[in-house]
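In our numbering, the protein residues as written are 342 to 841.
Positions of the beta carbon are idealized from the N, C-alpha and C atoms, including for glycine.
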């Protein structure tokens, strides 16, 4: 059953109260509550739970730019916890953020990490695991991987049932709706109608949480736009709920577009499709398909044909990207095979830094020697932490070790797949950017420094912020690591902030 809107319920656990607000579609209130909680004293696990709820609410509000530092902070906290379900949920949210940024390959990588983390969580179901699978299903669906979305949604419902959780929050019509629309965009209108009819007749408004009502209403409205009779009045399905998320509001607007089409008001439907609020919230393929239906109903067959062509054009880039990802997958497997051969060749040598898990100095020297021996070029970056001495002085060396581990994690996430990162010693890190000139390397270094500075160090070492200064030098064919390192190290020292 749908959770009812209302005043905050005292006595509920932190995570459950935030979930209640989210399911009721009250994302702004969830963000405000999360901020109040984060300002107080929380255990690491509760802090992660609150951060996940805030990230979810911000994504629902389409405030994607605010999510990255929160995700980094949550990853840092989870390094100290044995919480695979929470880690899976965080990776699923990171996948959603990556998809919004257009980084489909990174999105898919996070989804794989999420699934692997949930495998470690074991068969016992809980709310975090069920929610993680649910978020994964939505991200897969919005990225166009509808079969994987259906599998993930089935896992969410199974885990929820095993944990004795109410089914409503895990009955997600958006996933089935997007599959139905995909069928229509690819010419199978009969299949689309079957899916829409099954969805609209199989669920009532009280079977889903408030934030999912617009998707259920749109299933019926879309049936009407295609000339079928929906089992329920779509406006009655919407009820009085006003979505806070841009996505939910866009679906409400589309319901009205479809009802105008069903009533023969083509001009009104076309006018509503031009509303600025729909920009960025509706797929281009769906908007063009509705335009095609409106033009056809108005007798403008030429405009209808052009809109149908636009549907095909809007769907093509994703198909090309998926093909490219398949090629990338083959390349990644070949790279992995090469890495295994290299690791076998170096198996008699310790090449990993025990504290951070990064390659160590010996591995770095081998990497650069192999690169330059084959005529490779690139840029070497020497990074040194600012403020690290104060961390050890104020908080002790164990906290200093935690900072080094967090910095290593941040650098690994920000660097590109072909880049190499090693811990050189102390608080010094070295990156190698193959095939990269100084201008592009400067952009990478700026991203690394921004990611380190943007991490919420107050949660790890309060009162001692940490920053990163990076110096760069080009690596030439036949050149040595020592030569490039010396120039980069000098550039780093010159760039260090001077004491005030």
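Sub-7 Å separation of residue i and residue j beta-carbons
{"i": "residue 789", "j": "residue 752", "result": "yes"}
{"i": "residue 829", "j": "residue 813", "result": "yes"}
{"i": "residue 762", "j": "residue 748", "result": "no"}
{"i": "residue 636", "j": "residue 628", "result": "no"}
{"i": "residue 800", "j": "residue 735", "result": "no"}
{"i": "residue 425", "j": "residue 462", "result": "yes"}
{"i": "residue 430", "j": "residue 393", "result": "yes"}
{"i": "residue 379", "j": "residue 389", "result": "no"}
{"i": "residue 723", "j": "residue 833", "result": "yes"}
{"i": "residue 408", "j": "residue 399", "result": "yes"}
{"i": "residue 497", "j": "residue 518", "result": "no"}
{"i": "residue 712", "j": "residue 807", "result": "no"}
{"i": "residue 559", "j": "residue 596", "result": "yes"}
{"i": "residue 626", "j": "residue 655", "result": "yes"}
{"i": "residue 551", "j": "residue 582", "result": "yes"}
{"i": "residue 546", "j": "residue 570", "result": "no"}
Residue burial classification, residue i (beta-carbon count within 10 angstroms, cutoff 16)
{"i": "residue 738", "result": "exposed"}
{"i": "residue 515", "result": "buried"}
{"i": "residue 817", "result": "exposed"}
{"i": "residue 533", "result": "buried"}
{"i": "residue 709", "result": "buried"}
{"i": "residue 557", "result": "buried"}
{"i": "residue 451", "result": "buried"}
{"i": "residue 838", "result": "exposed"}
{"i": "residue 364", "result": "buried"}
{"i": "residue 764", "result": "buried"}
{"i": "residue 694", "result": "buried"}
{"i": "residue 615", "result": "exposed"}
{"i": "residue 780", "result": "exposed"}
{"i": "residue 630", "result": "buried"}
{"i": "residue 696", "result": "exposed"}
{"i": "residue 768", "result": "buried"}
{"i": "residue 423", "result": "exposed"}
{"i": "residue 826", "result": "buried"}
{"i": "residue 555", "result": "buried"}
Paired residues, beta bridge with residue i - DSSP
{"i": "residue 285", "result": "Nothing about residue 285 can be read from this structure; the chain reaches only from 342 to 841."}
{"i": "residue 700", "result": "693"}
{"i": "residue 775", "result": "719"}
{"i": "residue 816", "result": "719"}
{"i": "residue 811", "result": "724"}
> Any contact of the segment 407-422 with the segment 379-388, i.e. 3+ C-beta pairs under 8 Å?
Replying inline: yes
>> Check whether the segment 602-619 and the segment 579-586 are in contact - that is, three or more C-beta pairs closer than 8 Å.
In response: no
> What alpha helix (DSSP H) runs, 4 residues minimum, are completely inside the segment 386-473?
Replying inline: 408-419, 425-441 and 445-461
> Would you say the segment 523-535 touches the segment 490-502, given that touching needs at least three Cβ pairs under 8 Å?
Replying inline: no
> Taking three-plus beta-carbon pairs below 8 Å as touching, is the segment 775-794 in contact with the segment 437-456?
Replying inline: no
> Is it a yes or a no for the segment 752-764 touching the segment 726-733, going by three-plus beta-carbon pairs under 8 Å?
Replying inline: no
> Does the segment 516-523 come close enough to the segment 366-383 to have 3 or more Cβ pairs within less than 8 Å?
Replying inline: Contact between the segment 516-523 and the segment 366-383 is absent, with fewer than three C-beta pairs closer than 8 Å.
> Do the segment 472-490 and the segment 560-571 make contact, defined as three or more Cβ pairs closer than 8 Å?
Replying inline: The segment 472-490, when compared against the segment 560-571, does not touch it at the 8 Å Cβ threshold.
>> Ignoring anything shorter than 4 residues, give me the alpha helix (DSSP H) runs that lie fully in the segment 505-545, in order along the chain.
In response: Here the runs fully enclosed are 514-526 and 530-543.
>> Ignoring anything shorter than 4 residues, give me the alpha helix (DSSP H) runs that lie fully in the segment 590-617, in order along the chain.
In response: 607-614
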